[in-house]
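Asker: I have a structure I would like to understand better, so I am pasting it below and will then ask my questions one at a time.
Numbering (UniProt numbering), first residue to last: 1 to 509.
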């Protein structure tokens, strides 16, 4: 449908870019800021058995709503969806700050996640509107840097609030940031969307929402609340699959589907989404288990372990920002292939790490992985955005982000299962003299090693934990190789960009 785009001169984009980065900071910070304040939250609210849901409900609500918000951004414009998402997120933040028990906090964190889904989808879409194909790589670098900075700053800030003020401030700090972002959005984003009656596929949206929610729930709880092959796990995934198939059937017949079937039947988008999901899978494995290896096996302090992972947060936005220079020369697919080679090199570095590996080795691996992810995710997203017009950019962007988050959830489940299986096998072989002295899970072993266990038990647990994290690094290498294979086999070398729309972009009209 004909749509006119945000009106602005080139210099007028800066306030909007600031608003996008501030909005992105909201959802990036809330991914990690809560973790360091958890002891104080539990002390105040109780409900320790429910603490996992404080994180899970946020990710769940965010992931399963991203495709729906992407479609709404195409139908009604980016600005109203972004404003709505920001308001919902801030409302959830304020209510979370005033939670009276753990259940209330979980509900309000879910509300935050609903807002985060809208912010994530529309920020990336609006960035694609504002900047042409030559500039989008640089802008992706800016947006990626927000995640990198937040990964370092947010946990520290959460700890400061918990120790010197109150854990409630980890949510209240969102209010001034969000208010400033909303001010810029309302004042500086101008778009005119042709208004006409839309026949939204509400049934398809509901089925998609339910299928994604059940699938994510199964991934988050599997191996923790119940065994992977237990009846609850099988039932959840089977029901999710059946509802997903029903959603596909409904969407194929809908005049305005939430996720058009061509997203998954078109080789370009389907291959790019699959590669993006595999990249997300690799990242979550590294983010989750590298700090564990660095502290419990490598003997590094928490600060030093954080720095090891922070190198990925630094190289990722740098590579994203530089990716445009590469994809303008060799193309989107081939740039992503270079990124996959970086990721494979990182996987090799991690696989070759021994128990007494020098600190430069995990730092190098983290640096290479960040560069690889920046060269995979940014070119694929920019390339996909460049193949569609304004009226389809939201749904294409939403699909890419949904794939990344789904890959991360799958990675957390797969790597967690691999780690616990290897660790359990090693601990079962403990000599009789150590029976009762060694812990049983990854978290328990990690905590035990940061304490002062008996020397023989410490050495055995350290070796067992190294074996389990080594298995994760092997799986990470396999996922990087799989990403390379997907790019070669499924993603075409040439992206059919809409050149006229890209040289005179949405934001310039």
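Glycine included, each C-beta is placed from N, C-alpha and C at the ideal position.
If I follow the unbroken alpha helix (DSSP H) through residue 202, where does it start and stop?
Answerer: For the purposes of this step, residue 202 is identified with residue 202 of the chain shown, where counting begins at 1. Segment 202–221, the alpha helix (DSSP H) holding residue 202.
Asker: Measuring only the C-alpha atoms, how far is residue 88 from residue 114?
Answerer: What you label residue 88 is simply residue 88 of the chain shown in a count that begins at 1. What you label residue 114 is simply residue 114 of the chain shown in a count that begins at 1. Rounded to the nearest angstrom, the two C-alpha atoms are 7 Å apart.
Asker: Whole angstroms is fine: what's the gap from residue 503's alpha carbon to residue 135's?
Answerer: By 1-based counting over the chain shown, the position of residue 503 is 503. By 1-based counting over the chain shown, the position of residue 135 is 135. Its pLDDT being 38, under 50, residue 503 is placed unreliably in this model, and the value from its coordinates should be taken loosely. Each residue's alpha carbon lies about 11 Å from the other.
Asker: List, from N- to C-terminal side, the alpha helix (DSSP H) runs of 4 residues or more that fit wholly inside the segment 312–371.
Answerer: Segments of the alpha helix (DSSP H) lying fully in the segment 312–371: 332–351.
Asker: Could you tell me whether the segment 284–304 touches the segment 89–103, where touching means 3 or more Cβ pairs closer than 8 Å?
Answerer: no
Asker: Of the residues 268, 54, 231, 263, which one's Cα is nearest the Cα of residue 171?
Answerer: As a first step, residue 171 is located in the chain shown; it is residue number 171 there, counting from the start. Residue 54 is the option with its Cα nearest to residue 171.
Asker: Mind pulling the alpha helix (DSSP H) runs of 4 or more residues that sit fully within the segment 39–87?
Answerer: 52–76
Asker: Buried or exposed: which applies to residue 14, given that a residue is buried once 16 or more other Cβ atoms fall within 10 Å of its Cβ?
Answerer: Taking the first residue of the chain shown as position 1, residue 14 is located at position 14. Answer is exposed; the Cβ neighbour count stays below 16.
Asker: Using a Cβ distance threshold of 8 Å, determine whether the segment 202–218 contacts the segment 40–47, with at least three qualifying pairs required.
Answerer: no
Asker: Do residue 271 and residue 491 have their C-beta atoms within less than 8 Å of each other?
Answerer: Here the question's residue 271 lines up with position 271 in the chain shown. Here the question's residue 491 lines up with position 491 in the chain shown. Their beta carbons are under 8 Å apart, which means residue 271 touches residue 491 by this criterion.
Asker: Would you give the residue range spanned by the alpha helix (DSSP H) that residue 251 belongs to?
Answerer: Looking up residue 251 in the chain shown gives position 251. Element bounds for residue 251: 231–253.
Asker: Nearest-angstrom Cα distance between residue 393 and residue 175?
Answerer: In the chain shown, counting from the first residue as 1, residue 393 sits at position 393. In the chain shown, counting from the first residue as 1, residue 175 sits at position 175. Looking at the two C-alpha atoms, the distance is approximately 29 Å.
Asker: Would you identify the three-state DSSP class for residue 256, choosing helix, strand or coil?
Answerer: Reading the chain shown from its first residue, position 256 is the one you call residue 256. Here residue 256 sits in strand by DSSP.
Asker: Drop a sphere of 10 angstroms on the beta-carbon of residue 336, count the other beta-carbons inside from all chains shown, and report buried for 16 or more, exposed for fewer.
Answerer: Residue 336 sits at position 336 when you count from the first residue of the chain shown. So residue 336 counts as buried.
Asker: Beta carbon of residue 63, beta carbon of residue 406: below 8 Å?
Answerer: As a first step, residue 63 must be located in the chain shown, where it is residue number 63. As a first step, residue 406 must be located in the chain shown, where it is residue number 406. Yes.
Asker: Quick test of the definition: if touching needs 3 or more C-beta pairs under 8 Å, does the segment 340–355 touch the segment 394–405?
Answerer: no
Asker: For residue 128, count neighbouring Cβ atoms within 10 angstroms of its own Cβ and tell me buried if that reaches 16, exposed if not.
Answerer: Locating residue 128 in the chain shown gives position 128, counting from the first residue. Buried, since its Cβ has 16 or more Cβ neighbours within 10 Å.
Asker: Could you check which residue in 412, 465, 331 has the C-alpha nearest to that of residue 379?
Answerer: Taking the chain shown and counting its residues from 1, the one referred to as residue 379 is at position 379. Cα-wise, what sits closest to residue 379 is 331.
Asker: Once you ignore the five residues that flank residue 157 on each side, which residues in its own chain have a CB closer than 7 Å to its CB?
Answerer: What you label residue 157 is simply residue 157 of the chain shown in a count that begins at 1. These residues qualify, in order along the chain: 33.
Asker: Just confirm the distance between the C-beta atoms of residue 475 and residue 285, as a whole number of angstroms; I'd bet it's less than 8 Å.
Answerer: In the chain shown, the residue the question calls residue 475 occupies position 475. In the chain shown, the residue the question calls residue 285 occupies position 285. Their Cβ separation, rounded to whole angstroms, is 7 Å, which keeps residue 475 and residue 285 in contact under 8 Å.
Asker: Could you give the residue range of the alpha helix (DSSP H) that holds residue 124?
Answerer: Taking the chain shown and counting its residues from 1, one reaches residue 124 at position 124. Counting along the chain, the alpha helix (DSSP H) containing residue 124 begins and ends at 102–130.
Asker: Which residue or residues does DSSP assign as beta-bridge partners of residue 226?
Answerer: For the purposes of this step, residue 226 is taken as residue 226 along the chain shown, with counting starting at 1. Partner(s): 222.
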